[in-house]
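Student: Chains as they are written, first to last, in the numbering used here: chain W, 1 to 260; chain D, 1001 to 1260; chain H, 2001 to 2260; chain P, 3001 to 3260.
Dropping a structure here in structure tokens format, bear with me for questions.
Protein chains: 4
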Amino acid sequence: MKSYIDLNCDMGESYGAYTIGGDDGVVPYITSANIACGFHASDPTVMDRTVRLCKENGVRIGAHPGFPDLVGFGRRFMDIAPEDLVNDVIYQVGALKGFLDRYALPLQHVKLHGALYNYLVTKEELLMKVARVLRDSFGNPIFLTLATGNTDKLRERCRQEGIRLALEAFPDRAYTDDGELLSRKLPGAVLKDHEEIARRAVEMVVKKGLESVTGRWIGMEIHTLCLHGDNRESIEAAANINRLLRENQIQMAPLSKFLT
Amino acid sequence: MKSYIDLNCDMGESYGAYTIGGDDGVVPYITSANIACGFHASDPTVMDRTVRLCKENGVRIGAHPGFPDLVGFGRRFMDIAPEDLVNDVIYQVGALKGFLDRYALPLQHVKLHGALYNYLVTKEELLMKVARVLRDSFGNPIFLTLATGNTDKLRERCRQEGIRLALEAFPDRAYTDDGELLSRKLPGAVLKDHEEIARRAVEMVVKKGLESVTGRWIGMEIHTLCLHGDNRESIEAAANINRLLRENQIQMAPLSKFLT
Amino acid sequence: MKSYIDLNCDMGESYGAYTIGGDDGVVPYITSANIACGFHASDPTVMDRTVRLCKENGVRIGAHPGFPDLVGFGRRFMDIAPEDLVNDVIYQVGALKGFLDRYALPLQHVKLHGALYNYLVTKEELLMKVARVLRDSFGNPIFLTLATGNTDKLRERCRQEGIRLALEAFPDRAYTDDGELLSRKLPGAVLKDHEEIARRAVEMVVKKGLESVTGRWIGMEIHTLCLHGDNRESIEAAANINRLLRENQIQMAPLSKFLT
Amino acid sequence: MKSYIDLNCDMGESYGAYTIGGDDGVVPYITSANIACGFHASDPTVMDRTVRLCKENGVRIGAHPGFPDLVGFGRRFMDIAPEDLVNDVIYQVGALKGFLDRYALPLQHVKLHGALYNYLVTKEELLMKVARVLRDSFGNPIFLTLATGNTDKLRERCRQEGIRLALEAFPDRAYTDDGELLSRKLPGAVLKDHEEIARRAVEMVVKKGLESVTGRWIGMEIHTLCLHGDNRESIEAAANINRLLRENQIQMAPLSKFLT
């Protein structure tokens, strides 16, 4: 069977007079965009502009809700009650959907941001609760979360509940022997060599897994690779990955094209 | 032909630990609610709770977007560029629609709030621009704005562009001879006598107009009356209006039941 | 030696159109006020008004900084880096000091709010860091924190570093055998009987300690009692405490009058 | 008598993960900095860092308060009631003063930002009210506002009330025949030629005035020139001005050195 892979990138994180990220630069190399929704980054006009940019480039769109912490860019954990947290997510996804409706575009997926993403990776019940509400409220968008060495249970639960799950890996990040992301606080957590990163991206797709920081092989179901457009260097890395995947005849496509 | 009237009220204006308004008290007397969307008031959990309250009481729901000015409660004019203003409205309406989608409820209407409402009453081109974007983005919700002595041109424009327009009057407010609201800064601008307010409400519906502050009759097309739930007294006024309309065999119904 | 006690209360927590608390009602019964600084509650006009209210009533003023989380009222933990947390405190205390300078009033003390207060009770190094910066930046205001059964080390450190420490107890809260506040999630954590609360307040001052929830006696150095002005009932409780302290010839005075 | 001139620049406008401006680049060329205070830009950690940067470079510091409109960068007019506006200014100046107190630095001046600056230039009574409150609350900092062709009355009022006034001109802006800034909406409003800008700066100081867009000479009392550090180009312009002033033996000094 043919291998498909999605390439996703966070986009639309500018705010008012403040610009972050090279959205124009990275958009040619990706198939799906995670668009910030105004709580940790972005504002209504940035959202509108980013949705149009994705439309023009044929990139599928997902919502990228975060903690309500603009000054912290959603990177700081906030101890929000589950009910409030679910409502924060609905609010943000709904707001983005307003702009999708404006241009008659579908909501392909939802990917949580930053500290909210990390928090729910460790709280499966709460993650399922959020995923369920999204399924029921927004026409069953794909729920995108972290691929690890042990997602069997999560995948089975989602399958049973009719939640479409997409698992993502990070070609530029080192992994522990448990198939989890090595903490950024540790040396070597973030890879810098573009050739190495691109080689690793191809390996993730072709061999369905990756080598941990100690050299151990971790098998993983992976549907999408996370790229970055923060600066010129990360855009080059994205271009590199895209090129090497092409050279290896790997089919790049947005999640909705191959996840059913 | 039978007379229909809608009774609308602003709701869901609480915020976090802060409570405003007696939503539970006024909800039995109205047919449509304007729910705040988080920019001038409200938060995601308040929005969720208010949508459920309306659902339980059979009250139809509209979005109530305002200026991005929580500390000013959306009552202070902000000189926002038209494009940004349109995007601010889409964002807020989309966010509310997320909660409507959660409970499979339709968006009946949109009513702007406070200084934004007042501003667009004086800027017909911008009002039409906003109304057009709402029509195209959100399945043509009814656009609710101020009934004055002179809405012929606005009504005709909306008719031609397929925008469903609802005009509202304020039974507790005095009007100028031009059929505009008498400024709150002038004495007598806000009526206090509940019997007088209710009598005036009936007159507005039955006689299709109202008497100005100088005693002049102003004919008006009126689809909805604006009630208040700010405190015990305004809730009593709402109850009074509701009762007197019933006693006069006037049919109260949400806008979507009689505006096509 | 004569016993002195300060009575403190959180004040100035209203925000824009939103009112919280009965500041006018509780102000006659207290000697020190903790004024919110705009991050978890309050706005500049509320701060100005609250400072004037305290001035008119001869109540001494402290800053009451919290996490930057208005919608959560500063009650939700946020994982803020120490440097940012210190700066958040300086910003808020400085802002309040602007209003004190307007009326030529001194900053008597600083009391952290909500989740920030609770967090630093458990992080002595960070608490000392904050207290040190306040000492150096704002003319050595008193630092107010929780009295527990074990504050010997903290008091000694503060003494050595020239930080003036005030310890507060809660007459309406149950305590564990370790002299810590019983979690609000547990039954009986908050006392309701006004007579019991007032009797306990006197005992705290006269006997320098309190009985834990199991009946064990916990000796405590206590400089100030925390009262509440949230509603009519809590104001009555405050009045009761004030009255019973008077009847027992206990001298009530602001912290700066007896802490040197 | 020797000519003195101050060179001021807006600084510290970054926010959380968002960076704006080349503060490090422009700081060598200026004598006074206007530091944003968190309402239209900046956050507590940016403020702390910017104060330290100024201290290290011997640059005097002023507060730069703006409208409470982060997404609009304080560039959009807000119709705020005078009392609230005054309190917004006190809050922001107080917050900055917290960081000045931390490093034992004086508050040299206050310069309003963006739409607030422009608004008060047209509202002399409100400007005087703000200036008076600043004089009384913060040890009489210098109040910096726009030099025009007609500031006689304003200067006289300030003199009588003991308000220290500094008037600023913009070497890179065209002026009308009334000595007011030519609107940015008109062509030629912003000069681009660095040599021309620097030449004009020298002329402003030496000849105490400037040529309007029609070639008319406008005499002006000017104490400070506004430079920019937004990007590489504006920093070059600042360096140019600084160099040409030196070459013309004009003494550059912070306002507090020559305004008494």
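By construction, the Cβ of each residue, glycine as well, lies at the ideal position given by its N, Cα and C atoms.
1. Can you list, in chain order, the residues of its chain whose CB lies under 6 Å from that of S3014/P, leaving out five sequence neighbours each side?
2. Hey, is R3075/P's beta-carbon within less than 7 Å of any beta-carbon in chain D?
3. Does DSSP classify I2035/H as helix, strand or coil?
4. Around the C-beta of K2097/H, are 16 or more other C-beta atoms found within 10 angstroms, so that it is buried, or is it exposed?
5. Between G1016/D and chain H, is the shortest Cβ-Cβ distance under 7 Å, so that the two count as touching?
6. Going along the chain, which unbroken runs of the beta strand (DSSP E) with 3 or more residues stay wholly within the region 1166-1193 of chain D?
7. Any contact of the region 3174-3184 of chain P with the region 3033-3050 of chain P, i.e. 3+ C-beta pairs under 8 Å?
8. Closer than 8 Å between beta carbons: that is the criterion. Which residues of the region 1080-1110 of chain D meet it against chain W?
9. Please classify T1260/D as buried or exposed, where buried requires at least 16 other C-beta atoms within 10 Å of its C-beta.
10. According to DSSP, simplified to helix, strand and coil, what is K3123/P?
11. In angstroms with no decimal places, state the Cα-to-Cα distance between S3256/P and I3222/P.
12. Would you please verify whether the beta carbon of D2177/H is less than 7 Å from any beta carbon of chain D?
13. Against V3130/P, what residues of chain D qualify as contacts under a CB-to-CB distance less than 7 Å, listed in chain order?
14. Can you check whether the C-beta of D23/W is within less than 7 Å of a C-beta belonging to chain D?
15. Is it buried or exposed for D2065/H, if we count other Cβ within 10 angstroms and need 16 for buried?
16. Taking DSSP as the reference, what is the three-state secondary structure of T3151/P?
17. For V71/W, go through chain H and note every residue whose CB falls closer than 7 Å to its CB, in chain order.
18. Based on the DSSP output, what are the partners of G58/W in its beta bridges?
19. Would you say the region 2087-2104 of chain H touches the region 86-104 of chain W, given that touching needs at least three Cβ pairs under 8 Å?
20. Which two residues bound the contiguous beta strand (DSSP E) that contains I3005/P?
21. So what's F2143/H in DSSP terms, helix, strand or just coil?
22. Going along the chain, which unbroken runs of the beta strand (DSSP E) with 3 or more residues stay wholly within the region 78-136 of chain W?
23. Kindly say whether D48/W, judged by its beta-carbon, lies nearer than 7 Å to any beta-carbon of chain P.
24. So what does DSSP say about A1017/D, is it helix, strand or coil?
25. I think Y1004/D touches A1253/D, with their Cβ atoms under 8 Å apart; what is that distance to the nearest whole Å?
26. How far does the alpha helix (DSSP H) with G3025/P in it extend, from its first residue to its last?
27. Can you tell which of A1147/D, C1037/D and A1017/D has the C-alpha that lies nearest to the C-alpha of F2073/H?
28. So I3235/P is in the beta strand (DSSP E); what residue range does that whole segment cover?
29. Under 8 Å by Cβ, that's how I've got A2198/H and N2240/H pegged, so tell me the actual separation to the nearest angstrom.
30. What is the DSSP secondary structure of A1063/D, reduced to helix, strand or coil?
31. Going by alpha carbons, who is nearest to L3225/P out of M3078/P, L3165/P, A3147/P and V3133/P?
32. Check for me: the beta strand (DSSP E) holding L255/W runs from which residue to which?
33. Determine, using beta carbons only, whether S42/W comes closer than 7 Å to chain D.
34. Which residue wins for smallest C-alpha separation from R3246/P, given the options F3143/P, D3024/P, L3112/P and I3030/P?
35. Can at least three beta-carbon pairs, one atom from the region 1120-1130 of chain D and one from the region 68-87 of chain W, be found at a separation below 8 Å?
36. Assign M204/W to one of three DSSP states: helix, strand, or coil.
Tutor: Reading it off the structure:
1. Correct list, in chain order: I3020 and V3046.
2. no
3. Three-state result, I2035/H: strand.
4. So K2097/H ends up on the buried side.
5. yes
6. none
7. no
8. E1083, D1084, N1087, D1088, I1090, Y1091, Q1092, V1093, G1094, A1095, L1096, K1097, G1098, F1099, D1101 and R1102
9. When all chains shown are included, T1260/D counts as exposed.
10. coil
11. 14 Å
12. no
13. Correct list: empty, because the minimum Cβ distance to chain D is about 18 Å.
14. Closer than 7 Å to the CB of D23/W there is not a single CB belonging to chain D.
15. The question names Asp, but residue 2065/H in the sequence shown is Pro. Under this definition P2065/H is a buried residue.
16. coil
17. P2068
18. For G58/W, which the question treats as bridged, DSSP gives no partner whatsoever.
19. no
20. Y3004 to M3011
21. Looking at F2143/H - three-state DSSP - the assignment turns out to be strand.
22. 109-111
23. With a threshold of 7 Å between beta carbons, D48/W makes no contact with chain P.
24. coil
25. 5 Å
26. Here the alpha helix (DSSP H) through G3025/P covers D3023 to V3026.
27. A1017/D
28. Here I3235/P belongs to no beta strand (DSSP E); instead the alpha helix (DSSP H) covers R3232 to E3247.
29. 4 Å
30. strand
31. A3147/P
32. Unbroken run through L255/W is the alpha helix (DSSP H), L255 to F258; no beta strand (DSSP E).
33. no
34. Cα-wise, what sits closest to R3246/P is I3030/P.
35. No, because fewer than three Cβ pairs between the region 1120-1130 of chain D and the region 68-87 of chain W fall closer than 8 Å, the two stretches do not touch.
36. helix
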